[in-house]
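*Asks:* At position 271 of the sequence shown the residue is numbered 271 (my numbering), and the sequence of numbers has no breaks. Backbone N, C-alpha and C define an ideal beta-carbon position, used for all residues, glycine too.
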Amino acid sequence: MNRDKTKQIGSTKQRKPKTKRSKRFLENRAPKLAEDVKTAMIMKGGNTNQTVTQALKDIVSSLMMHSVRQTSKKNITRPFEDSTSLEFFSKKTDCSLFLFGSHNKKRPNNLVFGRLFDFHVLDMIEVGIEKYVSLSDIKNSKCPEGTKPMLVFAGEAFDSDIEYKRLKSLLIDFFRGPTVSAVRLAGLEHVLHFTAVEGKIYMRSYRCLLKKSGCRTPRIELEEIGPSFDLVLRRTHMASDDLYKLAHRQPKALKPKKKKNISHDAFGTKFGRVHMQKQDLSKLQTRKMKGLRKRRGPVDTEDKDTQAPKVAKVES
């Protein structure tokens, strides 16, 4: 009788749960068709300053709701040299994103945005903070906690440069929030604007104010609420094209089934093509009207004169 509590699969071991609690835990960690909201892991390096510490706090408090903070202890790690500690903590906390802050003489005010696939580092991008305005320095009213932001990207670099394309995809994963089916008009009040100009990325946070316009559609004004960042791109670690394609692969159950004779345009309008047999219009039933009645043919006058007049017989 085999009393081994683990099952060997290749080079990895799959644990068998002993209690119902551990069973629920493993089921929650198991792959799903509809994955949960991505969670980010916030970490501080071995050496940080006040700017990096405050920047991490502002990003978490105002922009990212789904995060796990590990800022109480300093993590002496270098993501670009050795990423084993990041992979260990991501597997422990079940996080697929990470934000690492550090500061040194060679790279001051440093932030590393990264994401993982199958608990291995997929890609990460390092940026430096050149100018920073904290959330508390801007004395305007803030958006409610948990508001889903609208992301705006401006600049040709986000569409032409491969590094900026990956940075755009990474920032969308960080700040897009949970997937929702509908959003009310008053809930569209938070805007995150990213501008790429001359090798720098300008990140601004605005609040939408709906003003009276004299018509049904309100007039929109933007009010800066912070935080504000002026970033410069530093080192990058990109995944290969094959690995990046594998990370974006969807299961067959989630792929939409193609329907015949149905198409959509760029605006999402649905068009359908209907195939019909040839119709016989001679048998088509139309509306009955006096003006559409068939007239009798013309009567020949010569035939009418030759005919003998009819005489009615009267009984006596």
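1) Bridge partners of F119, per DSSP?
2) Can you check the stretch 138-223 for any beta strand (DSSP E) of at least 3 residues that lies completely inside it and give the ranges in chain order?
3) Alpha carbon to alpha carbon, how far is R184 from K148?
4) Just to confirm my understanding: we take T195, look at its own chain, exclude 5 residues before and 5 after, and list those with CB closer than 6 Å. What are they?
5) Taking the beta carbon of T48 as the centre, do at least 16 other beta carbons fall within 10 Å, making it buried, or is it exposed?
6) Could you check whether S83 and S46 sit closer than 9 Å to each other, using their CB atoms as the reference points?
7) Give the straight-line distance between the Cα atoms of K38 and R273, rounded to the nearest whole angstrom.
8) Output needed for E163: all residues of its chain with C-beta closer than 8 Å, excluding positions within five of it in sequence on either side, in chain order.
9) For a minimum of 3 consecutive residues, which ranges assigned as the beta strand (DSSP E) are wholly contained in the stretch 30-82?
10) With which residues is E126 paired in a DSSP beta bridge?
11) Do the CB positions of K211 and E221 come within less than 9 Å of each other?
12) Tell me, please, which residues DSSP counts as bridged to V133.
13) Select from I262, F158 and L192 the residue whose C-alpha is nearest the C-alpha of S228.
14) By the three-class DSSP mapping on this structure, what secondary structure does V311 have?
15) I need the DSSP call for L284, collapsed to helix, strand or coil.
16) According to DSSP, simplified to helix, strand and coil, what is K18?
17) Could you check whether the stretch 28-43 touches the stretch 92-99, counting it as contact only if at least three pairs of C-beta atoms, one from each stretch, sit closer than 8 Å?
18) Do C208 and E189 have their beta-carbon atoms positioned less than 9 Å apart in this structure?
19) Taking all protein chains shown into account, decide if C95 is buried (16 or more other Cβ within 10 angstroms of its Cβ) or exposed.
20) Put S317 into one of helix, strand or coil per three-state DSSP.
21) Once you ignore the five residues that flank G93 on each side, which residues in its own chain have a CB closer than 7 Å to its CB?
22) Suppose you measure from the CA of P242 to the CA of V121; what does that come to, to the nearest Å?
23) Where does T6 land, buried or exposed, given buried means 16+ other C-beta within 10 angstroms?
24) So if DSSP puts S102 in a beta bridge, which residue, or which two residues, is it bridged to?
25) Which of helix, strand or coil does DSSP assign to K270?
26) May I have the straight-line CA-CA distance separating F25 from E35, to the nearest angstrom?
27) Quick test of your reading: A247 and F117, contact by CB under 8 Å. State the CB separation rounded to the nearest angstrom.
28) Which residues does DSSP list as the beta-bridge partners of L233?
29) So what does DSSP say about L243, is it helix, strand or coil?
*Replies:* Considering the structure as presented:
1) Mapped onto the sequence shown, residue 119 falls at position 119. According to DSSP, which records beta bridges pairwise, F119 is partnered with nothing at all.
2) 150-154, 190-197 and 200-211
3) Start at 1 with the first residue of the sequence shown, and residue 184 comes out as number 184. Start at 1 with the first residue of the sequence shown, and residue 148 comes out as number 148. Taking the straight line joining both Cα atoms gives about 11 Å.
4) The residue labelled residue 195 in the question sits at position 195 within the sequence shown. Only A154, G155 and Y202 meet the Cβ criterion.
5) Taking the first residue of the sequence shown as position 1, residue 48 is located at position 48. By the neighbour-count rule (16 or more Cβ atoms within 10 Å), T48 is buried.
6) Taking the first residue of the sequence shown as 1, we reach residue 46 at position 46. Taking the first residue of the sequence shown as 1, we reach residue 83 at position 83. Checking the sequence shown, residue 46 turns out to be Gly, not Ser. No, Cβ-Cβ distance for G46 and S83 is not below 9 Å.
7) The count along the sequence shown starts at 1 and reaches residue 38 at position 38. The count along the sequence shown starts at 1 and reaches residue 273 at position 273. K38 and R273: Cα-Cα distance of roughly 40 Å.
8) By 1-based counting over the sequence shown, the position of residue 163 is 163. Same-chain partners within the cutoff: I125, L233, T236 and M238.
9) 40-44 and 67-70
10) Taking the sequence shown and counting its residues from 1, one reaches residue 126 at position 126. Note: E126 sits in a beta bridge opposite V112.
11) Start at 1 with the first residue of the sequence shown, and residue 211 comes out as number 211. Start at 1 with the first residue of the sequence shown, and residue 221 comes out as number 221. Against a cut-off of 9 Å, the Cβ pair of E221 and K211 comes out as a contact.
12) Here residue 133 corresponds to residue number 133 of the sequence shown, with the count starting at 1. BP columns for V133 point to S228.
13) Reading the sequence shown from its first residue, position 228 is the one you call residue 228. Per the Cα distances, L192.
14) Translated into the one-based positions of the sequence shown, residue 311 becomes position 311. Model confidence at V311 stands at a pLDDT of 48, short of 50, so the residue's coordinates are unreliable and nothing is read from them.
15) By 1-based counting over the sequence shown, the position of residue 284 is 284. If DSSP states are grouped into helix, strand and coil, L284 belongs with coil.
16) One-based indexing of the sequence shown puts residue 18 at position 18. K18: coil per DSSP, three-state reduction.
17) yes
18) Within the sequence shown, numbered from 1, the residue matching residue 189 stands at position 189. Within the sequence shown, numbered from 1, the residue matching residue 208 stands at position 208. Cβ distance < 9 Å, so E189 and C208 count as in contact.
19) For the purposes of this step, residue 95 is identified with residue 95 of the sequence shown, where counting begins at 1. So C95 ends up on the buried side.
20) Lying outside 1 to 316, the shown extent of the chain, residue 317 is not represented and no answer is given.
21) Residue 93 sits at position 93 when you count from the first residue of the sequence shown. Strictly speaking, residue 93 in this sequence is Thr, with Gly absent from that position. Closer than 7 Å at the Cβ level, and outside the excluded window around T93, lie M41 and V68.
22) Counted from its first residue, the sequence shown places residue 242 at position 242. Counted from its first residue, the sequence shown places residue 121 at position 121. Per the sequence shown, residue 242 should be read as Asp rather than Pro. Their backbone Cα atoms lie some 14 Å apart in a straight line.
23) Within the sequence shown, numbered from 1, the residue matching residue 6 stands at position 6. Caution is warranted here: a pLDDT of 37 is assigned to T6, below 50, making its placement in the model unreliable, and the coordinate value is therefore given only provisionally. T6 is exposed by the Cβ-count criterion.
24) Within the sequence shown, the letter at position 102 stands for residue 102. Bridge partners of S102: N110.
25) Your numbering for residue 270 matches position 270 in the sequence shown. Strand.
26) If you number the sequence shown from 1, residue 25 lands on position 25. If you number the sequence shown from 1, residue 35 lands on position 35. Going from the Cα of F25 to the Cα of E35 covers about 15 Å.
27) For this step, residue 247 is matched to residue 247 along the sequence shown. For this step, residue 117 is matched to residue 117 along the sequence shown. Between F117 and A247 the Cβ distance is about 4 Å, and since that is below 8 Å, they are a contact.
28) Your numbering for residue 233 matches position 233 in the sequence shown. Paired residue(s): V127.
29) Within the sequence shown, the letter at position 243 stands for residue 243. L243 falls in the helix class under three-state DSSP.
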